[in-house]
Each structure stands twice: as structure tokens, then as C-alpha cells.
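Enquirer:
Number of protein chains: 2
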Amino acid sequence: MIKDLAAREDGSVSVSGWVEKVRDQRYVQFVVLRDETGAVQLVNGGVLREADPENPRSDILLERTTTISELSHGSFVTVSGELQHNERVKLGGVEIQIEQLEVVSRALPDTPIAKDSGSEHRLDWRFLDLRRPEQNLVFRVQTTFLNALRQVWVERDFIEVQTPKLMASASESRAELFEVDYFDGQAYLAQSPQFFKQMAQAAGFGGIFEVGPAFRADPSFTSRHATEFTSIDSELSWIDSHVDVMELHEELIVAGLTAVKEKHGEAIQKLFGVEVNVPSRPFPRIPLAEAKEIVKAEGYEVPRADADMDPEGERRIAAHVQQKYGSDFVFLTDYDASIRPFYHMRHDDDAQLTRSYDLIYNGTEISTGAQREHRIDVLEAQAREKGMDPKELNFYLDFFRYGMPPHGGFGMGLNRVLMLMLGQSSIRETTFLFRGPNRLTP
Amino acid sequence: MIKDLAAREDGSVSVSGWVEKVRDQRYVQFVVLRDETGAVQLVNGGVLREADPENPRSDILLERTTTISELSHGSFVTVSGELQHNERVKLGGVEIQIEQLEVVSRALPDTPIAKDSGSEHRLDWRFLDLRRPEQNLVFRVQTTFLNALRQVWVERDFIEVQTPKLMASASESRAELFEVDYFDGQAYLAQSPQFFKQMAQAAGFGGIFEVGPAFRADPSFTSRHATEFTSIDSELSWIDSHVDVMELHEELIVAGLTAVKEKHGEAIQKLFGVEVNVPSRPFPRIPLAEAKEIVKAEGYEVPRADADMDPEGERRIAAHVQQKYGSDFVFLTDYDASIRPFYHMRHDDDAQLTRSYDLIYNGTEISTGAQREHRIDVLEAQAREKGMDPKELNFYLDFFRYGMPPHGGFGMGLNRVLMLMLGQSSIRETTFLFRGPNRLTP
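Chains as they are written, first to last, in our numbering: chain A, 1 to 442; chain B, 443 to 884.
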């Protein structure tokens, strides 16, 4: 691996990677070779442009020179040669004097994307775009973040579930639902693992978690929406309120960001110019109504007919919290029942407010969590209040008819978290392969 | 948690769980309460069947007695009382003298499934079926197994990817493909992450892994097939042959089984009567042609027109290997090109044989792995040989046009591994919610 070269002593080495750059000078050739761990400079000092009958190695040198001259950007090569430490080499302080260079896989000479290519064009050639060190880092950060979260769950003896993505009916609303031809009938793609996470509570699983795809037939083209995204989900039994869910949520976020900062903090600073902040607990918690008052007092009236916040309002309350408490995170709590799903539990002392929250990170919503209503009669009444027919929800409501502990949980969009963590402007940059209304490839 | 009770001293405790059993005797009532960690016996010594004007606690005792008499199986309750260690109590050597019992969620009195219910009926009520300690254990084993695998990948600096499940075209064959209405067009559900894992190699990601859903519109009703299943996938660059893939595969299996044996070996023995064996490396490796000769010599001629093995042949070669080498695992290698996908690399010295393998565990195939062909001209020729039109594969073939390292990997069915590890007869028992041709609920 290239990252290991600097620590090695001078001597014979063999490395493999792809050609990032070729400088083909008259008397010396340089190649920058990259693998998934870093880049190194290769040097061909034995440049020979014409056959030299007096040089016994003429054929070899001539061939090597030509091979390097013709090396196309992106080609994968294996090189053996002499590693030399050299302070003047900016790239890691080492270079390799090429002895043998084998082209394992030749790239077409014209790379279809350039540094200044637009986002859609880069997505067309995502596998080349992903070769950029920034992009490689995004997915290393993702790996570290998810691993840290899972360690929290595993230590707490939570069960990992894989809930089905094929369903017989809608998991959230009938809108934004993808329909699948299922043998002679129809199936739908899960918009979230919501129902199944709750089923696991009825099954007595206690704490559970899942990291998996979710699907929304959402026709919008914003920087935050996709038709397929990775959802981080957790649910747990025997909570007293949504506050218990927020506490688990905080613990996970802190563990994830601590691990990312430790392993990638420097690289993130260098490649994205962003400092990873590990938040302190508890995160600020503000009831939604109060948050709206705060941004109103600061000059912004949320232009919505319903009780909800809008993205600009979220940015403003986040800025307020950042200034007042120095926190990148804020929980907005107690959303009005009119803008929450029927299964959110209401407050005992105010049936218009739900025991729910949104988590805002650097000004954008990344998650919704809540205590769920576990009392079947209340649940049915709340469904009817929303104009839903409990009969259509039977497969879900059955979960509550044979005993159900008090429980709650959250779902969080992984790609959004990464976008906000790394200061990116779109989830297209933090999704391995983005899917949108007009994007199904590559 | 109930599992923690035995280690506690006698005194006040509070526990929650669901009612597994009620023994309502004339002068004493017993309740077996279960949570996700275990079961405990609750005792009501203060049984009172009729109001007793001379007892100042008459109302309380009467109500408690009635509540317990009416407790339905499966109801979730919270109990506080006095923990008492008592050797004669078979269930963990402790019991709780009930002081207060609150029914948090009442179950309908008639439980729709019983111990002897058939598989389909149990699947209809899967969330009740999952309350069985055996089922709870299945998913704890799953959690431990996956966590151990991921630690191997993370330590080797592999990148975790989430590949899209919505595709513009088929990832394997056109048969068994689910079609999705995608806005004004069509999408397909990924049959495997195959193409995208390879794309990650072109992207210079090196080693990658994914645990996620895969979809096959497979109309068969066997114990081993599902329309949606969890696929464990890994892929890595710069391999010399499929042997490097097998070595990674072995390392993962050994890590997974070691962790499972350590954490759950006793419970698995107790609930499933099965000993978890950690295999020693290397696993036996037998070329497919040789394996067929072996089972033929032992009296079984594989009744297939093509070069493939059949399930009975797999069972027999596994039995042979078990007897000869004492191994639960065997790699069958070098499958004929005619029965492998076009993208499997062929042997240099025999273009009819692929650099591929199947992994057999306790007689059943759990995985296919291979070195992939990374040379675009060879790949195109192999696609044409299979009657495929390279133009239709363009989005995939593009990955190979701009440089591609030698690489390979495998996909492995999680639910099958668990089925075979725990001696179960069907993946229905080791899938959270099974999906088949006529099963989309719950």
C-alpha cells in the first residue's frame, strides 16, 4: 500500500495503483501513482527516445520510455523499483525509481470528466469521480461512522435486524410510493422500516437497529432528497418518553463523530477545509413552538400555513443555537399532532402535541424520532383522525393487539449526515450512487 | 433486565416484560414473565378471592388477584416487588414476590399461534413467533456474526458501501427480475450488488463490503429460496486469483463463527441442540470435476445435462469432506465456464474453466465467489459468447474502459448461513420477515 512507503527503508518495492499524472520530459519521466491509500511519485531516469546500439539495455529502456509516454490517465499499473527517501519530493518525501512497469489495464486516453465538470456529468461517470481523494475519504468516513454507531448498539445488546423492503402496502403515506410488479400482483417498496421496527418491539426484541435502503418516489430535485437513500434506524422498548430516544440518539452521534474525528479529522481538515466537532451532551432541546418564536423575534416569520418549520427556519434556529450554545446540533421537540404521523404518541397534558423531535445538524434536519403510541385504541382513533381506514392498516395494527411495550425510536438519513459533516452542498457528493427522479445510472 | 436478576441481592426490584404463562391456583398465583434477555417467575402470595372487611388491604389484594387471573398470554406488564433467591425455583433460582403489577398493554385473550402451528401460520403471526427464545437467539446470533465480519473488514481498512437497489437494467439475468414503476419509466430491483462492487474497484476503493437486501423474482418454494434476502458481499483489488478471495472468505467465516461460539455457543446447544464448530483453515478445496468423480465413485451420478452439481451432489461431497477431513466447509472450485456468468475470469491454461468457487456449509451452498475478468476485450468476447449484446451492458462495461485493477469477490446469503449454523430446516426460520412468491406480509 502506498501509505506504507514512507515508513519503509530505501530498497526494492512493488506497488500497484492508477496513473494520476504523467510528466513526460525530455530526459526524465515522472508518474504520479495513486491507490486507495495515497499517491507516490515514480521516476524513470533511464529515458531513451531512440535505439542506441551501444547500450546493451537499449530495447528495455526504449520500451519503458514509450510505455510511460503513452500511459493514459487512470490506467492501472504495477511497478517495481527502488524506493528512495528524498526530502525535496513534496509527495510524501519518497519516490520510486522505476525498474519495471506493467500496464495491467489501459484506460481510454480521453477521461470523460475533468475537475470542473458539472455535478450531473460527474454523476454520469461516478466511478471516475470517486477516484478523487475527497470522494474516497467520504466513504472511509462513512465506514468509520457506521462502525462506531454499531459498536454502541452491540455493547447495549441491541439486535441487528434486516427488515423487508418489499411490502404489501404503504409504510408511510400513499404518496411517494414505488410500485413493484410482484408475480401476478403488486408490491411496494418500503419508504422506511417504521412498521417493522415497531413489530420487533411486539416481538420482544427490545433494542434493535438497522442500516439499510429506503425508497421514496419523491419527484423533487433538491440537494437533500433522493429516491433511494440509506436510513439509519433504531428503536427501543420500555422508554418513558421521547427523551429516552433522544438520549440514545445523542450517544450514537457522539460516538460516531468522536471516531471520525480521531481517524479522519486531519484528512477532513485538509481535503474539505472542515473541522469535525464532537458535540457535548445534552444537545440543546427546544420545543418547536418556542423555536418559531425565537426566529420570529429575530426577524423571520415562517411562511407556512401549517404548524411546521421550513428549511430557512431550521437554518435560523440552528444559527441561534450555534451562537448561544456553541452546538452544531439541536433537537426541536413537541411537534404539533397535525404535522406528525398518526402513530406518534401525544403528550398526556396536551393532546395536540406529540412526543416527538427532529434533529437539526448544521442547519438541516437529519432525523425524526418519537415515542410511538402503543395503545391500540388510541392508535386506531389517531389513524381515523388522520382520515385513514384502520382496516387498511390491519397488518400493522395487529402488532398492537397481542401486547406491546411502550417504545420509540428514530430514523436518520446517513447521506445527509455525511453531507453536513463534511460541508458538502448536496447528498449527491455523499452517496455512492445517487438515485433521483431522472437518475438510475450508472 | 431479567438476565441480571440472579446476580442481584434480595430486595426491591422492578421488571418489565410479557406474560408467558399464568398458573392461577386457589391460594397462590404464579406468572412467568419474559423479556428479551430471559424469563423470571413472579409470585402473588396475597391471593384474595372475595372482599374481606377485616383486611385493611382487601381492595388492593382483590384487585391484584383479579388482574392476574385475567392476564392474557403475551400482555406486557411492569412489576415491582421483592426479589428472593430460592434454589427450588427452576427458572434461574430467583422469584419476585409481586407488590404491584401494572398491565401496560393487554393482549387479546386467544393467541393465534401455538407451539405446534405450521410454518405458514407461524409466519402469518411472525411477531408472536419471534417471541420464542429460539427465535430471539437467531437474531442475536445474526448480530454477533455480522459484527465479527465487519470487524475483520474494518481492521483491513475495507470501505463499507451502500449500493443502489434501483437499477436501470438487470444486474444478473433478465429472468427473475422485479420491475418497478419509476415515474414515467421503469426500474429494476438489484438481484445482487455485483456490478456496483466491481465499479468500486474501478473507483480505486480497493477492498469493500456491503450487507444489504437482494431481490430475485424466483417463483420456487424451496427451503433455501426467497424473493428478498440479505446478501453479504465483499470485493477486493489486486488479487492473483480466486484463491485470494477464498482466503478472505475463510478469515471472515472463522471470525464470525468464533464470535458466535464464544457468545452464544451454550445457548445454541441448549435451544437448538447444535454444536457450533469453528472450522480450521484452509478449508478443503476440490475442483468441481473432481468432486463429481468422488460422488460418482461413491455411487451417485449427478443427474444433470450441464456441468453443474446438484443439491444432492453437494450434500454428498460435503459428507465425504466431513468424513475425510472433519470439515463443515468445502470450497468447490474451477466451475465450467458454461455454467458461470460471463464476467468470471477463466483459467489461463484452460479457457473452459473459471477462476471461481462455491462454498458449501453443512451440505448446502451458501456462496459463490470468483476472480472477475477485468480486461475489457476479453469481457466483451465472453459476454457475446453467452449470447449477450455488449451494447446493453454498456453502463457496466464502461467501468472497464478507464482502467480496472485485477479483482474478485463473493456474495453470501446470510439467512442460509444462519439456517445451516443453527441446524434449521428452512430460511423462513432465520429471516426476520420471509418474502416468497405468495408471501408479502406481515
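All C-beta atoms in this analysis are idealised placements derived from N, C-alpha and C, irrespective of residue type, glycine included.
1. Suppose you measure from the CA of R49 of chain A to the CA of T364 of chain A; what does that come to, to the nearest Å?
2. Would you say M688 of chain B and G811 of chain B are within 8 Å of each other, going by their C-beta atoms?
3. Based on Cα-Cα distance, which residue from A:W125, A:P282, A:S280, A:S338 lies nearest to A307 of chain A?
4. Listed from N- to C-terminal order along the chain, which residues in the stretch 24 to 35 of chain A have their beta-carbon within a distance smaller than 8 Å of any beta-carbon of chain B?
5. What residue from A:V141, A:Y188, A:P193, A:A226 has the CA that sits closest to L440 of chain A's CA?
6. What's the C-alpha gap between L608 of chain B and S665 of chain B?
7. When the distance is taken between beta carbons, is E429 of chain A closer than 8 Å to L271 of chain A?
8. Determine, for L397 of chain A, whether the minimum Cβ-Cβ distance to residues of chain B falls below 8 Å.
9. Could you give the first and the last residue of the continuous alpha helix (DSSP H) run that contains N578 of chain B?
10. What does G413 of chain A reach in chain B if we use C-beta pairs closer than 9 Å?
11. Could you tell me if F841 of chain B is buried or exposed, where buried requires 16 or more neighbouring beta carbons within 10 angstroms of its beta carbon?
12. For chain A, check one thing: does any of its Cβ atoms lie closer than 8 Å to the Cβ of H816 of chain B?
13. Per DSSP, H347 of chain A is paired with what?
14. I need the DSSP call for G487 of chain B, collapsed to helix, strand or coil.
15. Quick one: which chain B residues come within Cβ less than 9 Å of I159 of chain A?
16. Does F714 of chain B come within less than 8 Å of chain A when only Cβ atoms are used?
17. Quick one: list the residues of chain A neighbouring T883 of chain B, beta-carbon separation under 7 Å, in chain order.
18. What are the partner residues of T333 of chain A, as DSSP defines its beta bridges?
19. Taking only the alpha-carbon atoms, compute the straight-line gap between E597 of chain B and L591 of chain B and give it to the nearest angstrom.
20. From the DSSP output, which residues share a beta bridge with K21 of chain A?
21. Evaluate the contact criterion for the stretch 480 to 489 of chain B versus the stretch 521 to 539 of chain B: three or more CB pairs, one atom per stretch, below 8 Å.
22. Is it right to say R131 of chain A is buried, meaning 16 or more other beta carbons lie within 10 angstroms of its own, or is it exposed?
23. Which runs of the beta strand (DSSP E), 3 residues or longer, sit entirely within the stretch 478 to 561 of chain B?
24. Just checking P284 of chain A against the ligand ZN - is the residue's beta carbon closer than 7 Å to any of the ligand's heavy atoms?
25. Short of 7 Å in beta carbon distance, which residues of its chain neighbour L588 of chain B, apart from the five on each side in sequence? Order them along the chain.
26. Identify the contact partners of M388 of chain A in chain B, using a Cβ-Cβ distance below 7 Å as the criterion.
27. Counting only Cβ pairs nearer than 8 Å, list the residues of chain B close to E228 of chain A.
28. Spell out whether any CB of chain C is found under 8 Å from the CB atom of Y335 of chain A.
29. Alpha carbon to alpha carbon, what distance is there between D494 of chain B and D501 of chain B?
30. Output needed in chain order: residues of the stretch 858 to 881 of chain B with a Cβ under 7 Å from some Cβ in chain A.
31. Just the chain B side, please: which residues come within less than 8 Å of T111 of chain A by C-beta, in chain order?
32. Would you call the stretch 616 to 633 of chain B and the stretch 549 to 563 of chain B touching, i.e. three or more CB-CB distances under 8 Å?
33. Between the alpha carbons of E524 of chain B and R548 of chain B, how many angstroms are there, rounded?
34. Does the Cβ-Cβ distance between D24 of chain A and S69 of chain A come in under 8 Å?
35. Listing by chain order, which chain A residues have their CB less than 7 Å from the CB of R589 of chain B?
36. Determine which residues share a DSSP beta bridge with E621 of chain B and list them.
Expert: Short version:
1. Numbered from its first residue, the first sequence carries residue 49 of chain A at position 49. Numbered from its first residue, the first sequence carries residue 364 of chain A at position 364. Each residue's Cα considered, the two are about 58 Å apart.
2. The residue labelled residue 688 of chain B in the question sits at position 246 within the second sequence. The residue labelled residue 811 of chain B in the question sits at position 369 within the second sequence. Using a Cβ distance threshold of 8 Å, M688 of chain B and G811 of chain B count as a contacting pair.
3. Position 307 of the first sequence, counted from the start, is the residue given in the question as residue 307 of chain A. It is A:S338 whose Cα lies nearest to the Cα of A307 of chain A.
4. Going along the stretch 24 to 35 of chain A in chain order, one finds R34, D35 with a Cβ nearer than 8 Å to chain B.
5. Locating residue 440 of chain A in the first sequence gives position 440, counting from the first residue. The shortest Cα separation from L440 of chain A among A:V141, A:Y188, A:P193, A:A226 belongs to A:A226.
6. What you label residue 608 of chain B is simply residue 166 of the second sequence in a count that begins at 1. What you label residue 665 of chain B is simply residue 223 of the second sequence in a count that begins at 1. Approximately 27 Å, taken between the alpha carbons.
7. The residue labelled residue 271 of chain A in the question sits at position 271 within the first sequence. The residue labelled residue 429 of chain A in the question sits at position 429 within the first sequence. Taking 8 Å as the Cβ cut-off, L271 of chain A and E429 of chain A do not qualify as a contacting pair.
8. Numbered from its first residue, the first sequence carries residue 397 of chain A at position 397. Against chain B, the CB of L397 of chain A has no partner CB under 8 Å away; the residue lies outside that interface.
9. Within the second sequence, the letter at position 136 stands for residue 578 of chain B. Start and end: 575 to 597.
10. To locate residue 413 of chain A, count along the first sequence from 1; it is residue 413. Close partners of G413 of chain A in chain B (Cβ separation under 9 Å) are lacking, with about 12 Å as the shortest Cβ gap.
11. Sequence index remark: in the second sequence, residue 841 of chain B carries index 399 (1-based). F841 of chain B comes out buried.
12. In the second sequence, residue 816 of chain B corresponds to position 374, counting from 1. With respect to chain A, the C-beta atom of H816 of chain B has a partner C-beta closer than 8 Å.
13. Numbered from its first residue, the first sequence carries residue 347 of chain A at position 347. Bridge partners of H347 of chain A: A:D350.
14. As a working mapping, residue 487 of chain B is identified with position 45 in the second sequence. Residue state, collapsed to three classes: coil.
15. Here residue 159 of chain A corresponds to residue number 159 of the first sequence, with the count starting at 1. E478, N578, F581, R582, Q584, T585, listed in chain order.
16. Mapped onto the second sequence, residue 714 of chain B falls at position 272. For F714 of chain B, the answer is no, since every Cβ of chain A falls outside 8 Å of its Cβ.
17. Looking up residue 883 of chain B in the second sequence gives position 441. Neighbours of T883 of chain B on chain A, chain order: A168, F395.
18. Locating residue 333 of chain A in the first sequence gives position 333, where the first residue counts as 1. For T333 of chain A, which the question treats as bridged, DSSP gives the partners A:P287, A:Y357.
19. Position 155 of the second sequence, counted from the first residue, corresponds to residue 597 of chain B. Position 149 of the second sequence, counted from the first residue, corresponds to residue 591 of chain B. Going from the Cα of E597 of chain B to the Cα of L591 of chain B covers about 10 Å.
20. As a position in the first sequence, residue 21 of chain A is number 21, starting the count at 1. Paired residue(s): A:V32.
21. Yes: the two stretches touch, three or more of their Cβ pairs being nearer than 8 Å.
22. Taking the first residue of the first sequence as 1, we reach residue 131 of chain A at position 131. With a 10 Å radius around the Cβ and a threshold of 16 neighbouring Cβ atoms, R131 of chain A comes out buried.
23. As far as the stretch 478 to 561 of chain B is concerned, its whole beta strand (DSSP E) runs of at least 3 residues are 480 to 486, 518 to 527, 536 to 547.
24. As far as ligands go, the structure on display features none, and thus does not contain the ligand ZN.
25. Position 146 of the second sequence holds residue 588 of chain B. Taking C-beta separations shorter than 7 Å and ignoring five residues to either side along the sequence, the partners of L588 of chain B in its chain run V653, following chain order.
26. As a working mapping, residue 388 of chain A is identified with position 388 in the first sequence. The contacting residues do not exist; M388 of chain A stays about 18 Å from chain B at best.
27. Within the first sequence, residue 228 of chain A is the residue found at index 228, counting from 1. Those within 8 Å of E228 of chain A in chain B are P606, K607, L608.
28. Included in the structure are the protein chains A and B, with no chain C among them.
29. As a first step, residue 501 of chain B is located in the second sequence; it is residue number 59 there, counting from the start. As a first step, residue 494 of chain B is located in the second sequence; it is residue number 52 there, counting from the start. Roughly 8 Å between the two C-alpha positions.
30. Residues F874, L875, R877, P879.
31. What you label residue 111 of chain A is simply residue 111 of the first sequence in a count that begins at 1. T111 of chain A reaches chain B at Y844, counting residues in chain order whose Cβ is nearer than 8 Å.
32. Contact between the stretch 616 to 633 of chain B and the stretch 549 to 563 of chain B is absent: fewer than 3 CB-CB pairs across the two stretches fall below 8 Å.
33. Residue numbering aside, residue 524 of chain B sits at position 82 when the second sequence is read from its first letter. Residue numbering aside, residue 548 of chain B sits at position 106 when the second sequence is read from its first letter. Taking the straight line joining both Cα atoms gives about 24 Å.
34. Working through the first sequence from its first residue, we reach residue 24 of chain A at position 24. Working through the first sequence from its first residue, we reach residue 69 of chain A at position 69. In contact: D24 of chain A and S69 of chain A (Cβ atoms closer than 8 Å).
35. Taking the second sequence and counting its residues from 1, one reaches residue 589 of chain B at position 147. Looking at the sequence shown, residue 589 of chain B is not Arg but Asn. Those are R150, V154, listed as they occur along chain A.
36. Taking the second sequence and counting its residues from 1, the one referred to as residue 621 of chain B is at position 179. E621 of chain B is bridged to B:Y630.
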